[in-house]
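What follows is one structure encoded as structure tokens, with my remarks underneath.
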Amino acid sequence: MNVNLDPALLEIIVCPACRADLDVVGEELVCRGCGLAYPVRDDIPVLLVDEARKPS
């Protein structure tokens, strides 16, 4: 299952923790800087640091 996000939205949103760009990986948005993985629920990115999965 892939996320359905507007490409224009992906161009403007950044990681709330470090302000780096985000990449779509599966059903998550993964930060290029710190590596936090933010969930996407019902095609809505949940950009809360407390909800992010920490890199392993």
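Residue 42 in our numbering sits at position 41 of the sequence shown, with consecutive numbering throughout. Backbone N, C-alpha and C fix where the C-beta goes; we use that ideal spot for every residue, glycine too.
#1: Please classify Glu28: does DSSP put it in a helix, a strand, or coil?
#2: For Arg42, which beta-bridge partners are listed by DSSP?
#3: Taking a contact to mean a Cβ-Cβ separation below 8 Å, would you say Pro17 touches Val41 in this structure?
#4: Taking DSSP's pairing of strands, which residues face Asp51 in a bridge?
#5: Cβ of Ile13 within 8 Å of Cβ of Pro46?
In short, the structure shows the following:
#1: coil
#2: Ile45
#3: no
#4: Answer is none; Asp51 lacks a bridge partner.
#5: no
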